[in-house]
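Chemist: Under the working numbering, think of the first position of the sequence shown as 7, with each following residue one higher.
Even for Gly, the Cβ is constructed at its ideal location relative to N, Cα and C.
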Amino acid sequence: MKNLEKYLVVAPEVKTALEAGKPVVALESTIISHGMPYPKNVETALEVEKIVRECGAVPATIAIIGGKLTVGITPEEIDHLGKKGLAVTKVSRRDIPVVCAKGEDGATTVAATMILADMAGVKIFATGGIGGVHRGAETTMDISADLEELAHTSVMVVCAGAKAILDLGLTLEYLETKGVPVIGYQTEELPAFYTRKSGFKVDYRMDTPAEIAEAFRAKMELGLDGSMLVTNPIPEEYSMDHDAIYKVIDEAIAKAKELGIHGKETTPYLLDEIQKITGGDSLEANIRLVYNNARLASAIAVELSR
Numbered sequence: 007m008k009n010l011e012k013y014l015v016v017a018p019e020v021k022t023a024l025e026a027g028k029p030v031v032a033l034e035s036t037i038i039s040h041g042m043p044y045p046k047n048v049e050t051a052l053e054v055e056k057i058v059r060e061c062g063a064v065p066a067t068i069a070i071i072g073g074k075l076t077v078g079i080t081p082e083e084i085d086h087l088g089k090k091g092l093a094v095t096k097v098s099r100r101d102i103p104v105v106c107a108k109g110e111d112g113a114t115t116v117a118a119t120m121i122l123a124d125m126a127g128v129k130i131f132a133t134g135g136i137g138g139v140h141r142g143a144e145t146t147m148d149i150s151a152d153l154e155e156l157a158h159t160s161v162m163v164v165c166a167g168a169k170a171i172l173d174l175g176l177t178l179e180y181l182e183t184k185g186v187p188v189i190g191y192q193t194e195e196l197p198a199f200y201t202r203k204s205g206f207k208v209d210y211r212m213d214t215p216a217e218i219a220e221a222f223r224a225k226m227e228l229g230l231d232g233s234m235l236v237t238n239p240i241p242e243e244y245s246m247d248h249d250a251i252y253k254v255i256d257e258a259i260a261k262a263k264e265l266g267i268h269g270k271e272t273t274p275y276l277l278d279e280i281q282k283i284t285g286g287d288s289l290e291a292n293i294r295l296v297y298n299n300a301r302l303a304s305a306i307a308v309e310l311s312r
């Protein structure tokens, strides 16, 4: 028996926008607590919200605050999550009920953000990169819960592809098996987070936000469950050298194995290690691709609301 009123809090601005049929864009909070150092994490989160507003949509940064599933947290709550950093629980689907019951704070991953957005009625979500099938998953079974959520939660996800630390080929195979359409925005090739190229093809190329919105509208009207994954290449001027970044990723993965790091700690560790090795260049690329995705997601949300 559902009792969303007990746990779900939708910010007044977000609620008003949804009731009026105005465009709303969901934003995740793991990137704040686990994706970047303070204060860069807070500055980035606030700038993303500003970009969404400038593009004509309402931002809804999502997190669990004091056990409440909060869709549209305040700037003060963003700062709180940023300062608390890794001490905030990283929340995926399995963690939601426990964090709620304990009345704790939680930073939502792609999967958890999709769930909370769907509960509130927000249909478009902008993030950096999705999780996927980790390298060596054929023996470790390390596969992100993001992929399962994409299979059955009806929220469009706009990203810069799957994180480059993953096995991109197997990630695409998994999405195909689950029936998740992978759209390339103005590209036929899957972007690889830090770079525009991966060597793998997407399912469909679409060249305008209106075209993407119409496809998602058709999906909803047909009653087909699950997400539509829109992959948006990092802007050319911020794209990193393909060979150089993959050499760094290999170094970081080898170090993680030596230290015995696995499970949900893997991605935050690798992103931090890559940032250190690249002297901060990967962090700047990460920030720029998030901004880029926020702009595209907002444009799609505006078209969808017409």
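Based on the DSSP secondary-structure assignment, which residues constitute the bridge partners of A198?
Modeler: DSSP output for A198 lists T201 as bridge partner(s).
Chemist: Just checking my contact of A23 with I130 at CB under 8 Å: how many whole Å lie between their CB atoms?
Modeler: At roughly 12 Å, the Cβ-Cβ gap does not stay under 8 Å, so A23 and I130 are not in contact.
Chemist: Note down, one range per segment and in chain order, each beta strand (DSSP E) of at least 3 residues found wholly within the segment 159–192.
Modeler: Counting only runs of 3 or more, we get 162–165, 188–191.
Chemist: Assuming contact is defined by CB atoms lying nearer than 8 Å, are L228 and K184 in contact in what I supplied?
Modeler: No, they are not a contact pair.
Chemist: Decide if D249 is buried, meaning its Cβ has at least 16 other Cβ atoms within 10 Å, or exposed.
Modeler: Exposed, because fewer than 16 other Cβ atoms sit within 10 Å of the Cβ of D249.
Chemist: Along the beta strand (DSSP E) that carries G112, what are the first and last residues, could you check?
Modeler: Per DSSP, G112 belongs to the beta strand (DSSP E) from 112–114.
Chemist: Pull up the distance between the alpha-carbon of L277 and that of G41, whole angstroms please.
Modeler: Distance between the alpha carbons of L277 and G41 is about 7 Å.
Chemist: Would you tell me roughly how many angstroms separate the C-alpha atoms of M234 and D101, rounded to the nearest one?
Modeler: Rounded to whole angstroms, M234 to D101 spans 24 Å at the Cα level.
Chemist: For R312, does the count of other Cβ atoms within 10 angstroms reach 16, so buried, or fall short, so exposed?
Modeler: Exposed, because fewer than 16 other Cβ atoms sit within 10 Å of the Cβ of R312.
Chemist: How should V104 be labelled, buried or exposed, when 16 other C-beta atoms within 10 angstroms of its C-beta is the threshold for buried?
Modeler: V104 comes out exposed.
Chemist: Going by the CB atoms, is the gap between G78 and V20 shorter than 8 Å?
Modeler: Yes.
Chemist: Looking at the unbroken beta strand (DSSP E) that takes in Y210, where does it start and where does it end?
Modeler: Element bounds for Y210: 210–212.
Chemist: Let me know if P29 comes out buried or exposed under the rule of 16 or more other beta-carbons within 10 Å of its beta-carbon.
Modeler: Result: buried.
Chemist: Touching or not, the segment 164–176 and the segment 194–208, by the rule of three or more beta carbon pairs under 8 Å?
Modeler: In short, these stretches touch, since the Cβ pair count reaches three.
Chemist: Counting Cβ pairs closer than 8 Å, one from the segment 260–273 and one from the segment 186–195, do we hit at least three?
Modeler: In short, these stretches do not touch, since the Cβ pair count stays below three.
Chemist: Determine the contact status of T159 and D124, defining contact as a CB-CB distance below 8 Å.
Modeler: It is a contact, given that the beta carbons lie within the stated cut-off.
Chemist: I'd like to check one pair, T133 with E290: are the Cβ atoms closer than 8 Å?
Modeler: No, Cβ-Cβ distance for E290 and T133 is not below 8 Å.
Chemist: First and last residue of the beta strand (DSSP E) that includes P65?
Modeler: Its beta strand (DSSP E) spans residues 64–71.
Chemist: Please report how far the alpha carbon of F222 lies from the alpha carbon of I255, in whole angstroms.
Modeler: Taking the straight line from one Cα to the other gives about 34 Å.
Chemist: If you measure from the beta carbon of R59 to each beta carbon in chain B, is any gap under 8 Å?
Modeler: Here there is only one protein chain, and chain B is not present.
Chemist: Just the C-alpha distance for V236 and A107, rounded to the nearest angstrom, thanks.
Modeler: Between V236 and A107, the C-alpha separation is close to 34 Å.
Chemist: How would you write the range of the beta strand (DSSP E) that I130 sits in, first residue to last?
Modeler: That run of the beta strand (DSSP E) goes 130–132.
Chemist: So, helix, strand or coil for V77, using DSSP?
Modeler: Looking at V77 - three-state DSSP - the assignment turns out to be strand.
Chemist: With a Cβ-Cβ cutoff of 8 Å, do A166 and N299 count as a contact?
Modeler: In contact: A166 and N299 (Cβ atoms closer than 8 Å).
Chemist: Beta-carbon separation of I68 and A93 under 8 Å?
Modeler: Going by C-beta atoms, I68 is not nearer than 8 Å to A93.
Chemist: Please specify which runs of the alpha helix (DSSP H), each continuous and at least 4 residues long, are wholly inside the segment 231–284, giving them in chain order.
Modeler: Entirely contained in the segment 231–284, the alpha helix (DSSP H) runs reaching 4 residues are, in chain order, 248–265, 272–283.
Chemist: Tell me the rounded alpha-carbon separation between A126 and L310.
Modeler: Cα to Cα, the separation comes out at about 17 Å.
Chemist: Would I283 and V164 qualify as a contact pair, given that the criterion is a beta-carbon distance under 8 Å?
Modeler: Their beta carbons are not under 8 Å apart, which means I283 does not touch V164 by this criterion.
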